[in-house]
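Asks: Okay, here's the structure, questions in a sec.
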Amino acid sequence: MPFTLDETERTHGPIAFVRVPRVTLVVIDGASRGATIQAGPTPVRVGSAEACALRLDDRRVSRVHFEIAVTSDRVAVRDLGSTNGTFVDGVRVRDADVAASSVIRAGDSAIRVDVDASPAQIALSARESFGELVGASVEMRMVYAILERAAQADATVLLLGETGTGKDVAARSLHAESQRRAGPFVPVDCGAIPENLIESELFGHVRGAFTGAVQNRKGAFEEADGGTLFLDEIGEMPILLQPKLLRALETKTIRRVGETQARPVDVRIVAATNRPLARAVNDGTFREDLYYRLAVIEVALPPLRARRADVAALARSFYERLVPGGKLPDAYVGHLESKTWPGNVRELRNTIERDVALGLPQGTENAPASPPPALPSGIESIVPLHMPLKDARAAWSRAFDSIYVRAMLDKTGGNVTRAAQAAGVSRRFLQRMLARLGMSSGEDD
Numbered sequence: 462m463p464f465t466l467d468e469t470e471r472t473h474g475p476i477a478f479v480r481v482p483r484v485t486l487v488v489i490d491g492a493s494r495g496a497t498i499q500a501g502p503t504p505v506r507v508g509s510a511e512a513c514a515l516r517l518d519d520r521r522v523s524r525v526h527f528e529i530a531v532t533s534d535r536v537a538v539r540d541l542g543s544t545n546g547t548f549v550d551g552v553r554v555r556d557a558d559v560a561a562s563s564v565i566r567a568g569d570s571a572i573r574v575d576v577d578a579s580p581a582q583i584a585l586s587a588r589e590s591f592g593e594l595v596g597a598s599v600e601m602r603m604v605y606a607i608l609e610r611a612a613q614a615d616a617t618v619l620l621l622g623e624t625g626t627g628k629d630v631a632a633r634s635l636h637a638e639s640q641r642r643a644g645p646f647v648p649v650d651c652g653a654i655p656e657n658l659i660e661s662e663l664f665g666h667v668r669g670a671f672t673g674a675v676q677n678r679k680g681a682f683e684e685a686d687g688g689t690l691f692l693d694e695i696g697e698m699p700i701l702l703q704p705k706l707l708r709a710l711e712t713k714t715i716r717r718v719g720e721t722q723a724r725p726v727d728v729r730i731v732a733a734t735n736r737p738l739a740r741a742v743n744d745g746t747f748r749e750d751l752y753y754r755l756a757v758i759e760v761a762l763p764p765l766r767a768r769r770a771d772v773a774a775l776a777r778s779f780y781e782r783l784v785p786g787g788k789l790p791d792a793y794v795g796h797l798e799s800k801t802w803p804g805n806v807r808e809l810r811n812t813i814e815r816d817v818a819l820g821l822p823q824g825t826e827n828a829p830a831s832p833p834p835a836l837p838s839g840i841e842s843i844v845p846l847h848m849p850l851k852d853a854r855a856a857w858s859r860a861f862d863s864i865y866v867r868a869m870l871d872k873t874g875g876n877v878t879r880a881a882q883a884a885g886v887s888r889r890f891l892q893r894m895l896a897r898l899g900m901s902s903g904e905d906d
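Quick note: the sequence shown uses our numbering, first residue 462, plus one each step.
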């Protein structure tokens with residue numbers, strides 16, 4: 462996600478801003494004609510669902526039809542798996558940039574993209590890290606700015622991003638910066654638990670609730686009481702269990718499997734997924750109401766290829782954990798910066814762990830620094846140490862010319878032509894140099 466850093470807009474300290482286009486979406490056709498909404502870096506979702514930022518009263522529009530996000534140099538529209546498609550100026554698109562005054566069609570509705578002449582300013586965080594998250598790029602400082610505000614609230618947070626972008630690290634860091642830092646942080650991988658056990662894992666069970674339930678057991682909600690419950694891979698949550706999760710989020714109570722009594726719990730939910738949940742809503746594999754209950758605050762972690770400026774800092778951070786006090790060779794850092802990292806930060810970390818264990822790739826180790834040559838005896842007869850640096854440099858240059866020319870003529874037996882060829886200059890140039898130095902070539906012109 463490219464941004465332009467505006468270094469001219471600063472407050473006290475290293476706070477900077479990014480400028481983004483000021484974009485307004487205006488419905489110009491359809492039953493919702495006249496509706497408007499401002500778009501910004503946080504995606505604006507458009508669809509027929511009540512919870513969409515821009516709701517269209519249109520039967521041919523999907524529940525979550527498309528979204529628009531604004532960066533410093535583009536206005537991007539992305540179809541979210543709609544049934545009837547998203548069209549920009551008559552062309553069906555999945556992910557595209559749109560220009561000012563473009564018309565986006567969804568179902569029987571049309572939305573015009575208006576771009577104001579004066580851009581908006583988005584403040585960046587002054588941090589170069591946030592908890593365990595490392596990176597001083599503009600992209601990460603935008604993420605930190607959101608996480609800083611989210612840490613002071615108790616709202617549910619949904620972390621989005623490709624596999625390996627550090628969603629689990631962001632969740633831990635958010636907990637550590639929050640007012641719940643003294644409480645437990647309980648992670649649950651919803652994609653790694655068998656479907657028949659995930660309800661018990663989350664809510665617990667009582668003795669005899671099912672075969673193998675030989676004693677009462679707390680679930681993750683109760684274990685996280687007073688702290689943070691991290692639901693990783695929330696997109697893998699079985700559809701039949703989603704209503705119970707939604708009820709727990711809304712009522713702040715849970716019921717153990719096999720129990721009728723509700724138990725109050727005080728937890729802050731942070732969820733994460735690499736799946737586009739809006740598409741899952743349209744597919745019917747994820748409940749719309751649960752999606753919007755989780756996405757109170759959305760944070761999209763950028764892929765590593767979108768923040769290459771952070772590769773060196775991340776690499777050095779990982780290396781120092783493995784080799785305390787060690788210094789990562791600059792040649793190796795350059796090797797890492799040249800790669801695309803489809804596996805993102807996780808791939809970078811694993812690569813460094815492997816190379817530390819097996820040895821750095823050939824040619825990326827820094828050559829040991831050789832000691833400087835010893836100064837020759839009688840250095841003061843060569844270098845005019847009695848002069849200031851500027852004068853000594855000029856005198857040294859004149860002395861070098863004289864010594865070089867005399868040595869070259871001596872080597873060629875006084876032959877100016879051969880001396881000029883060996884020195885890589887013209888014969889005429891060498892003759893003028895001899896005249897300037899007050900030397901004779903010993904040859905007749």
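Where is the CB? At the ideal position from N, CA and C, for every residue including glycine.
Use the C-beta contact count for Ile-489: other C-beta atoms within 10 angstroms, 16 or more gives buried, fewer gives exposed.
Replies: Walking along the sequence shown from the start, residue 489 turns up at place 28. By the 10 Å Cβ count, Ile-489 comes out exposed.
Asks: Can you tell me the Cα-Cα spacing of Val-675 and Thr-547, whole angstroms?
Replies: Your numbering for residue 675 matches position 214 in the sequence shown. Your numbering for residue 547 matches position 86 in the sequence shown. Cα to Cα, the separation comes out at about 54 Å.
Asks: Going by DSSP in three states, Glu-759 sits in which element: helix, strand or coil?
Replies: Translated into the one-based positions of the sequence shown, residue 759 becomes position 298. Glu-759 falls in the strand class under three-state DSSP.
Asks: Do Asp-693 and Asp-615 have their CB atoms nearer than 8 Å?
Replies: Against the sequence shown, residue 693 aligns to sequence position 232. Against the sequence shown, residue 615 aligns to sequence position 154. Not closer than 8 Å, so no.
Asks: On the DSSP letters alone, give me the boundaries of the alpha helix (DSSP H) that Ile-607 sits inside.
Replies: In the sequence shown, residue 607 corresponds to position 146, counting from 1. Run containing Ile-607: 599-613, per the alpha helix (DSSP H) assignment.
Asks: Who are Asp-852's beta bridge partners in DSSP?
Replies: Walking along the sequence shown from the start, residue 852 turns up at place 391. Bridge partners of Asp-852: none, in fact.
Asks: Between the C-alpha atoms of Arg-524 and Asn-545, what's the straight-line distance to the nearest angstrom?
Replies: For the purposes of this step, residue 524 is taken as residue 63 along the sequence shown, with counting starting at 1. For the purposes of this step, residue 545 is taken as residue 84 along the sequence shown, with counting starting at 1. When rounded, the distance between both Cα atoms is 11 Å.
Asks: Are Phe-691 and Pro-648 close, meaning C-beta to C-beta below 8 Å?
Replies: Mapped onto the sequence shown, residue 691 falls at position 230. Mapped onto the sequence shown, residue 648 falls at position 187. It is a contact, given that the beta carbons lie within the stated cut-off.
Asks: Helix, strand or coil: which one does DSSP assign to Leu-707?
Replies: Start at 1 with the first residue of the sequence shown, and residue 707 comes out as number 246. The answer is helix: DSSP assigns Leu-707 an H, G or I state.
Asks: Under a three-way DSSP split, which group does Pro-829 fall into?
Replies: Position 368 of the sequence shown holds residue 829. Because Pro-829 carries a pLDDT of 45, less than 50, the predicted location of this residue cannot be relied on, and no value is offered for it.
Asks: Closest to Thr-532 by C-alpha separation, out of Val-618, Gly-508, Ala-514, Arg-480, would be which residue?
Replies: Indexing the sequence shown from 1 puts residue 532 at position 71. If we check each option's Cα against that of Thr-532, Arg-480 comes out closest.
Asks: Between Ala-773 and the rest of its own chain, which residues show a CB-CB distance below 7 Å, the 5 nearest in sequence each way excluded?
Replies: Within the sequence shown, numbered from 1, the residue matching residue 773 stands at position 312. Correct list, in chain order: Val-794, Glu-798.
Asks: What residue range is occupied by the uninterrupted beta strand (DSSP E) comprising Arg-893?
Replies: Locating residue 893 in the sequence shown gives position 432, counting from the first residue. Run containing Arg-893: none in the beta strand (DSSP E); it sits in the alpha helix (DSSP H), 888-897.
Asks: Are the beta-carbon atoms of Asp-519 and Ser-570 separated by less than 8 Å?
Replies: Reading the sequence shown from its first residue, position 58 is the one you call residue 519. Reading the sequence shown from its first residue, position 109 is the one you call residue 570. Yes; because the gap between Cβ atoms is below 8 Å, this pair is in contact.
Asks: Taking the alpha helix (DSSP H) that Glu-913 falls in, what are its first and last residues?
Replies: A question about residue 913 goes unanswered here, because the residues of the chain that appear run from 462 up to 906.
Asks: With C-beta atoms as the reference, is Val-726 less than 8 Å away from Thr-734?
Replies: Within the sequence shown, the letter at position 265 stands for residue 726. Within the sequence shown, the letter at position 273 stands for residue 734. Not closer than 8 Å, so no.
Asks: Just to confirm before moving on: does the CB-CB distance between Leu-755 and Leu-619 stay below 8 Å?
Replies: Position 294 of the sequence shown, counted from the start, is the residue given in the question as residue 755. Position 158 of the sequence shown, counted from the start, is the residue given in the question as residue 619. Cβ atoms of Leu-755 and Leu-619: closer than 8 Å.
Asks: Report all residues from its chain with a CB closer than 8 Å to the CB of Phe-890; omit the five preceding and five following residues, and keep chain order.
Replies: Sequence index remark: in the sequence shown, residue 890 carries index 429 (1-based). Within the same chain, Phe-890 has close Cβ partners Ala-881.
Asks: Quick one: what does DSSP say Leu-765 is sitting in, helix, strand or coil?
Replies: Here residue 765 refers to the residue found at position 304 of the sequence shown. Of the three classes helix, strand and coil, the one that applies to Leu-765 here is helix, per DSSP.
Asks: Would DSSP call His-666 helix, strand or coil?
Replies: Position 205 of the sequence shown holds residue 666. The DSSP-derived three-state label of His-666 is strand.
Asks: Would Met-601 and Arg-708 be called neighbours here (beta carbons separated by less than 8 Å)?
Replies: Stepping through the sequence shown from its first residue, residue 601 is reached at position 140. Stepping through the sequence shown from its first residue, residue 708 is reached at position 247. No, the Cβ-Cβ distance between Met-601 and Arg-708 is not below 8 Å.
Asks: Please name the residue in Ala-567, Ile-565, Gln-582 whose C-alpha comes closest to that of Gly-501.
Replies: Position 40 of the sequence shown, counted from the first residue, corresponds to residue 501. Among Ala-567, Ile-565, Gln-582, the Cα nearest to that of Gly-501 belongs to Gln-582.
Asks: With a Cβ-Cβ cutoff of 8 Å, do His-666 and Arg-717 count as a contact?
Replies: In the sequence shown, counting from the first residue as 1, residue 666 sits at position 205. In the sequence shown, counting from the first residue as 1, residue 717 sits at position 256. Yes, the Cβ-Cβ distance between His-666 and Arg-717 is below 8 Å.
Asks: Rounded to whole angstroms, what is the Cα-Cα separation between Phe-478 and Arg-588?
Replies: Locating residue 478 in the sequence shown gives position 17, counting from the first residue. Locating residue 588 in the sequence shown gives position 127, counting from the first residue. Roughly 13 Å between the two C-alpha positions.
Asks: For Tyr-753, which residues from the same chain have a beta carbon less than 7 Å from its beta carbon, with the 5 sequence-adjacent residues on both sides left out?
Replies: One-based indexing of the sequence shown puts residue 753 at position 292. Taken in chain order, the residues that qualify are Ala-512.
Asks: Run through DSSP, which three-state label would Ile-583 get?
Replies: Taking the first residue of the sequence shown as 1, we reach residue 583 at position 122. DSSP, read as helix, strand or coil, puts Ile-583 in strand.
Asks: Where does Thr-624 fall in DSSP's three states?
Replies: Locating residue 624 in the sequence shown gives position 163, where the first residue counts as 1. If DSSP states are grouped into helix, strand and coil, Thr-624 belongs with coil.
Asks: Identify the residues that DSSP records as bridge partners of Gln-499: which are they?
Replies: By one-based count along the sequence shown, residue 499 stands at place 38. Bridge partners of Gln-499: Thr-485.
Asks: Closer than 7 Å to a non-hydrogen atom of the ligand GTP - does that hold for the CB of Gly-652?
Replies: Questions concerning the ligand GTP fall outside what the structure shown contains, since it holds no ligand whatsoever.
Asks: Using a beta-carbon distance below 8 Å, is Val-647 in contact with chain C?
Replies: The structure shown contains no chain C; it is built from a single protein chain.
Asks: Opposite Arg-516 in the DSSP bridges: which residues?
Replies: Locating residue 516 in the sequence shown gives position 55, counting from the first residue. Arg-516 pairs with Gly-508.
Asks: Assign Tyr-865 to one of two classes, buried (16 or more other C-beta atoms within 10 Å of its C-beta) or exposed (fewer than that).
Replies: Locating residue 865 in the sequence shown gives position 404, where the first residue counts as 1. Answer is exposed; the Cβ neighbour count stays below 16.
Asks: How far does the beta strand (DSSP E) with Ser-778 in it reach, from first residue to last?
Replies: For the purposes of this step, residue 778 is taken as residue 317 along the sequence shown, with counting starting at 1. Element bounds for Ser-778: not the beta strand (DSSP E) but the alpha helix (DSSP H), 772-783.
Asks: In chain order, what residues of the same chain have a beta carbon less than 8 Å from the beta carbon of Val-484, not counting five sequence neighbours either side?
Replies: By 1-based counting over the sequence shown, the position of residue 484 is 23. Excluding sequence neighbours, Val-484 sits near Gln-499, Ala-500, Gly-501, Ile-529, Val-531, Val-536, Val-574, Asp-575, Val-576, Asp-577.
Asks: If we ignore side chains and look at the alpha-carbon of each, how far apart do Thr-469 and Glu-808 end up?
Replies: If you number the sequence shown from 1, residue 469 lands on position 8. If you number the sequence shown from 1, residue 808 lands on position 347. Legend: pLDDT at Thr-469 = 41, less than 50; position of this residue unreliable, value from coordinates given subsequently. For Thr-469 and Glu-808, the distance between alpha carbons rounds to 36 Å.
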